[in-house]
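Below is one structure, written out as structure tokens; the observations come after it.
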Amino acid sequence: MAENNEDLFQKIGVDISNEKINIDLTKTKDFFNALQNTLQEKAQTIQKDVSEGKIDLEKNVGIKVDNEHINIDLNKTKRFIEDLGKKVENFLGEIDKAVENIDKK
122 MAENNEDLFQ
132 KIGVDISNEK
142 INIDLTKTKD
152 FFNALQNTLQ
162 EKAQTIQKDV
172 SEGKIDLEKN
182 VGIKVDNEHI
192 NIDLNKTKRF
202 IEDLGKKVEN
212 FLGEIDKAVE
222 NIDKK
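For the sequence shown, position 50 (counting from the first letter as 1) is numbered 171 according to this note's numbering, and the numbering increases by one without interruption.
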């Protein structure tokens, strides 16, 4: 796990050594810009797949939209949001762990 944190720190431009923390702001900015671009690309891909019918919102999310109606299956939507929330929690948990490791050093 420590090796994974070191890889993450290196990617975001953080060097912790000799009781000092050095942050390369260019690397940090580049990392977050790359992350933003990746998330935007994924969102656009999902939007395209939904519009082309490759992803069935009704089946996966519980939302059906046509020219006259919007039908929402609250049970399916709730499960989707709960699953998404768990994934976001896990992601944020990993960030918290990385920050705790920085604090310890």
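No residue lacks a Cβ here, since even glycine has one placed at the ideal position from N, Cα and C. Quick caveat: nothing in here was measured; it's all calculated off a predicted structure.
**OP:** Have a look at Asn181, Val209, Ile176 and flag the residue whose alpha-carbon is nearest the alpha-carbon of Phe201.
**Re:** The option with the nearest alpha carbon to Phe201 is Asn181.
**OP:** Indicate the three-state DSSP secondary structure (helix, strand or coil) for Asp145 in the structure shown.
**Re:** The answer is coil: DSSP assigns Asp145 none of H, G, I, E or B.
Subject >> Asp177, DSSP secondary structure in three states >> reply: Reduced to three states, the DSSP call for Asp177 is coil.
Original post:
Taking buried to mean at least 16 other C-beta atoms within 10 Å of its own C-beta, is Val135 buried or exposed?
Top reply: With 16 or more neighbouring CB atoms inside 10 Å of its own CB, Val135 falls in the buried class.
Original post:
Considering only residues of the same chain and omitting the five flanking positions on each side of Phe152, which have a CB-CB separation below 6 Å?
Top reply: For Phe152, where only same-chain residues beyond five positions count, the Cβ hits under 6 Å are Lys132, Ile133.
Original post:
Are the CB atoms of Val171 and Leu160 nearer to each other than 7 Å?
Top reply: Taking 7 Å as the Cβ cut-off, Val171 and Leu160 do not qualify as a contacting pair.
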